[in-house]
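K.L.:
A single structure is presented below for examination.
There are 2 protein chains.
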Amino acid sequence: MNKIQESENCKNCNCKTSIFSSLKPEELEQINKGRYTVHYKAGEILFKQGTPSPHFVCLTKGLAKLYIEGYGKNLILGLVKPVDYIFGPGTYVDNRHYYSAAAVEETTACLVDVNIFKELIRQNPDFAEEFIRRVSRQAIFNFDQVVSLTQKQMPGRIADVIFYLREKIYGINPFEISISRQDLADLSGMSKESSIRILKELKDEGILKVTGNTIEILNEKQLRQISQTG
Amino acid sequence: MNKIQESENCKNCNCKTSIFSSLKPEELEQINKGRYTVHYKAGEILFKQGTPSPHFVCLTKGLAKLYIEGYGKNLILGLVKPVDYIFGPGTYVDNRHYYSAAAVEETTACLVDVNIFKELIRQNPDFAEEFIRRVSRQAIFNFDQVVSLTQKQMPGRIADVIFYLREKIYGINPFEISISRQDLADLSGMSKESSIRILKELKDEGILKVTGNTIEILNEKQLRQISQTG
DNA sequence: ATAATCCATTGATCTATATCAATAGTGTGA
DNA sequence: TCACACTATTGATATAGATCAATGGATTAT
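Protein chains in written order, with the working numbering: chain D, 56 to 285; chain L, 56 to 285.
Put into structure tokens, the structure is as follows:
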């Protein structure tokens, strides 16, 4: 893991498209002061569940997975792509991480002192509100996930993950996943073998085209149907 | 459902023990102005998933369950007892409820206009921070729940629910549950029959004493063990 | 080039859990 | 008090999904 102090300033960074849009230039400058950039190779861990969380992480390049290390297996809460930031719930509770984060691809992130962030939330109500909005959206997403995981059968869960990957992560239809089958399994709460089998089933039924790591949704309507019927 | 406009004022209400402790008297007065009290009989619905959420709900008496209506079955996210409030993630997103709430026992609640609440969050950074802290704790709780539900087998899940009921809801050891076996099942993501069976198993092993709706943890260490081993 | 590793795939088997069905309590209203 | 409705309980059966085991590709190191 190489730490590289970049010269770039937050003011011109495209991070601003995110919740930072509600910050004034001098506030962005505050963030910029306590910030440094880190590069991670694929597979490297950004932070580990249970460790202190002194900064929040803003992804500027690559892809990371957020996962809870459970009893023997992992549960992937979601993927994070640029430009988005990772801000766990521990920050306002006990300053610990409640999930781990690892780079899935070659990844670059900015780390910012969490106290600066907290200070801005106290100072700027627009920023605070934007932050709460963001946390709320995250909670809603988690609700959807927990319902999918606990109430749907494997085909429904895989369908949900496929839609998630296309809509929230890769954005286009034939998309090449950089995550492994194991990750796919950890996203949908099943074993690696099962995720492979379901993927094959969907392929055999002509709903998906799966070639190695490239996935194409051929029959969106039917896939949506599978997601609905559990 | 009878609506009763109570004469009591927020300033003397024990609601203040909650996040309201960071509010000044005049701010409590703001809340008090837009507030009214409602009584619910056991089984009655406080609000329904998908409907607009114009106020936040503060429970002053009774017990309520928060549940997501999923595909055929419900998932109970948790129970709410006095004095605690219910503030769903939809409030800052699209003003919809993302879960339903129903009274489990005879219940009294105060409803407060959500805009007053939002205004106070903008005005008072302490209050905002307290609110974020609260939302964060909720998120951590949800993480624990999703790991329990997706990675543990039935005995471990029931063990977790038993601990939850004793520690977070009823507070004492032999406790009488006011929730049904179906609710127990919806809390632990299994069928009603399975929840009954596991309960019986734990009883037969001498870990629990179950008499009707009264549950006593006899062997806490072993129950903890079951929770751990999944 | 070859070995070594890691990831993906497939088949066979086993088991946790749901579902179905029947019965037994338990309270409630006429 | 009796009938009705609802919840709890128990047993029998079916099945979704995990686990185990073997093999095949692909990538990396020697």
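For glycine and all other residues, C-beta sits at the position ideal for the given N, C-alpha and C.
Give me the Cβ distance between residue 211 of chain D and residue 163 of chain D, rounded to the nearest whole Å; I'm assuming they're in contact under 8 angstroms.
P.N.:
Not a contact, Cβ separation roughly 35 angstroms.
K.L.:
Taking residue 268 of chain L and residue 231 of chain L to be in contact with their CB atoms under 8 angstroms, please state how far apart those CB atoms are, rounded to whole angstroms.
P.N.:
5 angstroms
K.L.:
Take the Cβ of residue 185 of chain D as the centre, count every other Cβ of all protein chains shown within 10 Å, and call the residue buried at 16 or more, exposed below.
P.N.:
Per the 10 Å Cβ criterion, buried.
K.L.:
Are the C-beta atoms of residue 279 of chain D and some chain L residue less than 9 angstroms apart?
P.N.:
Taking Cβ atoms only, chain L never reaches closer than 9 angstroms to residue 279 of chain D, which makes this a no.
K.L.:
Scan the segment 231-258 of chain L for residues whose Cβ lies nearer than 7 angstroms to a Cβ of chain D and list them as they occur along the chain.
P.N.:
244
K.L.:
In the DSSP assignment, what are the bridge partners of residue 90 of chain D?
P.N.:
D/167
K.L.:
Using Cβ-Cβ distances below 7 angstroms, what residues of the segment 93-109 of chain D are close to chain L?
P.N.:
none
K.L.:
Quick check on residue 155 of chain L: does DSSP put it in helix, strand or coil?
P.N.:
strand
K.L.:
Cutting at 7 angstroms between CB atoms, please list the residues of its own chain near residue 154 of chain L, excluding the five before and the five after it.
P.N.:
These residues qualify, in order along the chain: 104, 121, 122, 123, 132, 143.
K.L.:
Classify residue 215 of chain L: buried if its beta carbon has 16 or more other beta carbons within 10 angstroms, exposed otherwise.
P.N.:
buried
K.L.:
Between which two residues does the alpha helix (DSSP H) carrying residue 201 of chain D extend?
P.N.:
180-206
K.L.:
Using 10 angstroms around the beta-carbon of residue 157 of chain L, count the other beta-carbons present and answer buried if the total reaches 16, otherwise exposed.
P.N.:
buried
K.L.:
If you draw a straight line from the C-alpha of residue 257 of chain D to the C-alpha of residue 98 of chain L, how long is it?
P.N.:
Going by C-alpha positions, residue 257 of chain D is about 42 angstroms away from residue 98 of chain L.
K.L.:
Please state the DSSP three-state secondary structure of residue 113 of chain L.
P.N.:
strand
K.L.:
From the DSSP output, in three-state form, read off residue 78 of chain D for me.
P.N.:
In this structure, residue 78 of chain D counts as coil in the three-state DSSP scheme.
K.L.:
In chain order, what residues of the same chain lie with their CB nearer than 6 angstroms to the CB of residue 58 of chain D, ignoring the 5 residues before and after it?
P.N.:
Reliability fails at residue 58 of chain D, whose pLDDT of 41 lies under 50, so the model's placement of it is uncertain and the value that follows must be treated cautiously. Listed in chain order, the non-local C-beta contacts of residue 58 of chain D below 6 angstroms within the same chain comprise 93, local neighbours out to five positions each way being set aside.
K.L.:
Counting beta carbon pairs with one atom in the segment 260-275 of chain L and one in the segment 230-245 of chain L, are three or more of them shorter than 8 angstroms?
P.N.:
yes
K.L.:
What does the alpha-carbon distance come out to for the pair residue 262 of chain L and residue 126 of chain D?
P.N.:
Rounded to the nearest angstrom, the gap between the Cα atoms of residue 262 of chain L and residue 126 of chain D is 22 angstroms.
K.L.:
Using only alpha-carbon positions, find the residue among L/137, L/207, L/181, L/170 that is nearest to residue 147 of chain D.
P.N.:
L/181
K.L.:
Helix, strand or coil: how does DSSP classify residue 139 of chain D here?
P.N.:
DSSP, read as helix, strand or coil, puts residue 139 of chain D in strand.
K.L.:
Using a C-beta cutoff of 9 angstroms, does residue 157 of chain L count as contacting chain D?
P.N.:
no
K.L.:
What does residue 135 of chain L touch in chain D if you count any residue whose Cβ is under 7 angstroms from its own?
P.N.:
Residues of chain D passing the Cβ test: none, with the nearest at roughly 16 angstroms.
K.L.:
Note the first and the last residue of the continuous alpha helix (DSSP H) segment covering residue 248 of chain D.
P.N.:
247-259
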